[in-house]
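Here the structure is laid out as structure tokens; the discussion comes afterwards.
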Amino acid sequence: MIACILALAALPCLAQTPTVPAAAPAPSLAAPPPIPLNRGVILLDPAHGGVDSGSRITDSIAEKDVTLNLAFKLRSLLAARGFNVVMTHDSDAATEPNSPNPLTLDDRAGIANHAHPVACLLLHATAAGNGVHLYSSELSPTAGEPAANPWLTAQAPWVVQSQKLQKQLGAALTRANIPLVMSRASVRPVDSLTCPALVVELAPDGSDATSLADASYQQRVAEALAAALVFWKNQAQPPDRLPAAIPAAPATTPAATAGARP
Amino acid sequence: MISRHQRILFWVLIGCILAMAGLLFWERERARDRVSALADATPIDAPYTNTESITLDLANDSDGSITAVTRQIALPDEATARARALLEHLVAEYALPGSPHPLQSGAAIDDVFLLPLPINGHAIAASTNPTPTGATPTSPVADPNALQPQTPGGELAVIDLRSNFVNAHPSGVEVETLTLQSIIGTLHANLPQIEQVRFLVDGQPRETLAGHADLLRTYPSRDTTVPDVAP
């Protein structure tokens with residue numbers, strides 16, 4: 252009787268268990284876990300803030316104000332499309348959480364890496380050129396993420412994904428008739444991000460630098476970016492995590508033995 | 008009574024003495040100028056050769072492009088002086104009216120150092136004690152992070168920028184990146200032995216050029232006229 256009850260209780264579990272092909276190899280115990288990627292999360296980093304006002308667009312327009320306004324517009328558009336938007340800071344103060352200390356570039360990268368977002372956009376603004384400038388990291392891409400990923404080159408395994416995201420956003424901006432420049436650049440902290448990451452630099456609409464503060468221009472750019480990120484959500488693929496290298500056993504030498512003695 | 012021919016002889020002799028004194032004084036001045044010219048070996052100008060054709064990678068802010076242009080200029084023979092003169096010519100182009108990548112005029116490059124690769128680090132030898140003077144002896148070690156050459160004879164160029172130039176540089180990702188790419192591309196086109204480039208400002212490391220482009224990393228020397236990303 253008890254055996255029958257146990258067998259009946261086990262039936263739903265068996266029904267939910269996915270069928271594993273007989274030929275599939277058993278997972279190795281040493282296989283590293285996959286890299287997490289939250290497909291519903293977008294990170295926005297409005298560059299500068301607080302005492303760091305960034306570049307001086309005009310006498311009355313600072314870069315930090317343009318990037319924060321663009322971030323707010325992008326956040327509301329992305330939230331309307333079902334994304335959870337994480338911002339490194341959402342006020343001009345740009346300080347660490349619960350602290351008066353200013354947010355450093357490494358702090359910003361840390362916030363991004365903890366969120367495991369599907370895309371990280373570092374927002375900048377400039378009076379030079381026109382349209383939107385999209386930059387991916389200048390690091391050489393690597394095949395996978397090593398177990399010990401150096402902080403200053405953490406973006407290297409993600410460069411391929413960042414470049415795919417760059418093309419996708421670039422195509423959306425072109426469709427919106429916004430002049431586009433795509434290239435690669437070393438702008439901290441993009442090289443320390445473990446997510447598809449781009450530097451998005453907003454330049455004037457035409458030759459008038461004051462257009463950077465124009466709400467309708469910012470809205471047009473934000474809508475193009477938000478629309479592209481909806482498609483990107485299901486296309487992003489995290490890189491493979493490379494297995495940890497087994498350290499070689501140190502050779503025992505008389506000198507080493509002598510040095511190990513107390 | 009002195010005879011007439013004796014008076015004539017006297018004045019002739021006086022004339023000869025004065026002429027001889029003048030000649031001696033003139034020869035002495037010439038000799039002094041000659042000796043002082045030989046003693047002063049301070050170089051005033053770099054030893055320039057005839058003009059030659061060089062390539063400058065010029066940036067354009069409007070489309071974010073780098074274009075190679077040819078100029079005829081005279082350059083010194085020595086490699087570091089040559090690199091410095093090249094970069095000064097490059098920055099001077101950007102200071103011209105109507106430049107597509109306007110930068111402030113004036114001296115931008117303090118110096119350029121060319122260092123042969125690889126560059127090995129120095130470590131404190133574990134088995135050695137400090138010297139009687141208090142200095143800790145160091146020895147060259149095989150540094151796994153040492154900068155390695157791609158080909159034998161490869162060099163690292165360390166460009167020391169002047170703070171006047173950096174402080175007056177326009178701020179922005181594109182404009183700063185284009186300046187660095189222009190410098191790197193120009194060095195690559197004219198001094199192919201340079202494989203890597205680093206930047207200092209007044210002899211000190213600085214985080215960014217004008218708030219954006221990273222100045223702490225080592226840049227590979229490459230042809231920057233080729234677009235990084237296909238449109």
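Protein chains in written order, with the working numbering: chain A, 252 to 513; chain B, 8 to 238. A virtual CB, placed ideally from N, CA and C, is assigned to each residue, including glycine. Keep in mind the model is a prediction, meaning the values are calculated, not measured.
If you draw a straight line from the C-alpha of residue i to the C-alpha of residue j, how long is it?
i	j	result
CYS255 (chain A)	SER443 (chain A)	Its pLDDT being 46, under 50, CYS255 (chain A) is placed unreliably in this model, and the coordinates cannot settle the point.
ILE191 (chain B)	VAL383 (chain A)	24 Å
ARG37 (chain B)	LEU30 (chain B)	11 Å
ARG78 (chain B)	VAL204 (chain B)	23 Å
SER342 (chain A)	LEU354 (chain A)	12 Å
LEU16 (chain B)	ALA26 (chain B)	15 Å
ARG224 (chain B)	LEU163 (chain B)	13 Å
LEU329 (chain A)	PRO283 (chain A)	33 Å
TRP18 (chain B)	ARG39 (chain B)	32 Å
PRO240 (chain B)	THR58 (chain B)	A query on residue 240 (chain B) cannot be resolved here, the shown segment of chain B reaching from 8 to 238 and no further.
LYS484 (chain A)	ALA81 (chain B)	56 Å
PRO159 (chain B)	PRO123 (chain B)	9 Å
THR504 (chain A)	PRO125 (chain B)	At THR504 (chain A) the pLDDT is 40, less than 50, meaning the model places this residue with poor confidence and gives no usable figure here.
LEU319 (chain A)	ALA298 (chain A)	8 Å
THR270 (chain B)	GLY71 (chain B)	This structure cannot settle anything about residue 270 (chain B), because the visible part of chain B is limited to 8 through 238.
ALA221 (chain A)	GLY161 (chain B)	Any property of residue 221 (chain A) remains undetermined from this structure, which presents chain A solely from 252 to 513.
SER60 (chain B)	LEU110 (chain B)	24 Å
ARG426 (chain A)	GLN419 (chain A)	11 Å
PRO408 (chain A)	CYS446 (chain A)	9 Å
SER279 (chain A)	VAL233 (chain B)	Annotation note: pLDDT 49 at SER279 (chain A) (below 50); position unreliable, coordinate value reported separately. Cα to Cα, SER279 (chain A) sits roughly 44 Å from VAL233 (chain B).
LEU45 (chain B)	ALA90 (chain B)	30 Å
VAL182 (chain B)	SER43 (chain B)	51 Å
GLY305 (chain A)	SER106 (chain B)	24 Å
LEU94 (chain B)	GLN488 (chain A)	42 Å
HIS195 (chain B)	THR377 (chain A)	28 Å
THR406 (chain A)	LEU356 (chain A)	According to the sequence as given, residue 406 (chain A) is Gln; it is not Thr. Cα to Cα, the separation comes out at about 15 Å.
GLY395 (chain A)	ALA92 (chain B)	43 Å
SER228 (chain B)	GLU100 (chain B)	21 Å
GLU347 (chain A)	ALA360 (chain A)	12 Å
ASP209 (chain B)	ALA75 (chain B)	29 Å
ALA277 (chain A)	GLN414 (chain A)	Bear in mind that the predicted position of ALA277 (chain A) carries a pLDDT of just 47, short of 50, making it unreliable; the figure below should be weighed with that in mind. So the two alpha carbons sit approximately 34 Å from each other.
In chain B, which residues lie with their C-beta within 7 Å of the C-beta of residue i?
i	result
ASN247 (chain A)	Nothing can be reported for residue 247 (chain A), as the shown portion of chain A is limited to 252 through 513.
HIS384 (chain A)	GLY71, VAL180 and GLU181
VAL450 (chain A)	VAL180
Can you tell which of the options has its C-alpha closest to the C-alpha of residue i?
i	options	result
SER391 (chain A)	B:ASP235, B:LEU25 and B:ARG11	B:ASP235
LEU207 (chain B)	B:ASN197, B:SER170, B:HIS195 and B:ASP230	B:SER170
VAL119 (chain B)	B:GLU59, B:GLU85 and B:GLY113	B:GLU85
SER437 (chain A)	A:VAL317, A:THR404 and A:SER350	A:THR404
LEU453 (chain A)	A:PRO447, A:THR461 and A:ALA370	A:THR461
ASN174 (chain B)	B:ASP221, B:GLY160 and B:ALA115	B:ALA115
GLY421 (chain A)	A:ASN485, A:MET433 and A:VAL411	A:MET433
ILE429 (chain A)	A:THR445, A:ASP341, A:GLU389 and A:LEU385	A:LEU385
HIS219 (chain B)	B:THR186, B:GLN13, B:GLY160 and B:LEU94	B:THR186
THR87 (chain B)	B:ALA217, B:LEU198, B:GLU181 and B:LEU110	B:LEU198
ASP358 (chain A)	A:VAL369, A:HIS375 and A:HIS340	A:HIS340
ARG332 (chain A)	A:ALA477, A:SER458 and A:LEU416	A:ALA477
LEU416 (chain A)	A:LEU431, A:ALA398, A:LEU372 and A:ASP459	A:LEU372
GLN469 (chain A)	A:LYS324, A:ILE293, A:THR425 and A:PRO348	A:LYS324
GLN188 (chain B)	B:ARG41, B:ASN67 and B:PRO104	B:ASN67
LEU463 (chain A)	A:SER387, A:LEU493 and A:THR309	A:THR309
THR184 (chain B)	B:ILE201, B:VAL165, B:TYR226 and B:GLY210	B:TYR226
ILE286 (chain A)	A:ALA376, A:PRO397, A:THR346 and A:ASP316	A:PRO397
THR215 (chain B)	B:ILE9, B:GLY179, B:ALA28 and B:LEU97	B:GLY179
ASN352 (chain A)	A:PRO368, A:ARG471, A:ASP303 and A:LEU295	A:ASP303
GLN456 (chain A)	A:TRP402, A:SER327 and A:ALA379	According to the sequence displayed, residue 456 (chain A) carries Asp and not Gln. When only C-alpha atoms are compared, the closest one is A:ALA379.
GLY300 (chain A)	A:ARG471, A:LEU431 and A:HIS375	A:HIS375
Give the interface partners of residue i over in chain B, defined as CB-CB distance under 9 Å, in chain order.
i	result
THR461 (chain A)	Going along chain B, no residue has its Cβ under 9 Å from THR461 (chain A), so there is no contact; the nearest lies around 16 Å.
Using the beta-carbon of each residue, which ones in chain B are nearer than 8 Å to residue i?
i	result
ASN381 (chain A)	SER69
HIS375 (chain A)	GLY179, VAL180 and HIS219
GLU474 (chain A)	Those do not exist, as GLU474 (chain A) stays about 21 Å from chain B at its closest Cβ, beyond 8 Å.
Please list, in chain order, the chain A residues whose beta carbon lies closer than 7 Å to that of residue i.
i	result
GLY218 (chain B)	GLY305 and SER306
ASP221 (chain B)	SER437, VAL438 and ARG439
ARG224 (chain B)	SER437
ASP235 (chain B)	SER434 and ARG435
Less than 7 Å between the CB of residue i and some heavy atom of the ligand COA, yes or no?
i	result
LYS418 (chain A)	Absence of the ligand COA from the depicted structure is noted, as is the absence of any ligand whatsoever, leaving it without description.
Query raised in the report: Which parts of the stretch 57 to 97 of chain B are runs of the beta strand (DSSP E), unbroken and 3 residues or longer, counting only runs that do not cross its ends?
Result: 72 to 83
Report task. Kindly provide the ranges of any beta strand (DSSP E) runs that are 3 or more residues long and lie completely inside the stretch 419 to 502 of chain A, ordered along the chain. Result -> 431 to 436 and 448 to 453
Report task. Quick one: which residues of the stretch 166 to 188 of chain B get their C-beta closer than 9 Å to a C-beta of chain A? List them in chain order. Result -> From the stretch 166 to 188 of chain B, only PRO177, SER178, GLY179, VAL180, GLU181, VAL182, GLU183, THR184, LEU185, LEU187 and GLN188 have a Cβ closer than 9 Å to chain A.
Query raised in the report: Going along the chain, which unbroken runs of the beta strand (DSSP E) with 3 or more residues stay wholly within the stretch 375 to 424 of chain A?
Result: If we require 3 residues or more, the beta strand (DSSP E) runs fully inside the stretch 375 to 424 of chain A come out as 383 to 388.
Query raised in the report: Of the residues that make up the stretch 339 to 352 of chain A, which ones have a beta carbon closer than 9 Å to any beta carbon in chain B?
Result: none
Query raised in the report: What beta strand (DSSP E) runs, 3 residues minimum, are completely inside the stretch 161 to 185 of chain B?
Result: 162 to 168
Query raised in the report: At which residue ranges does the stretch 288 to 349 of chain A contain complete beta strand (DSSP E) runs of 3 or more residues, listed in the order of the chain?
Result: 289 to 297 and 335 to 338
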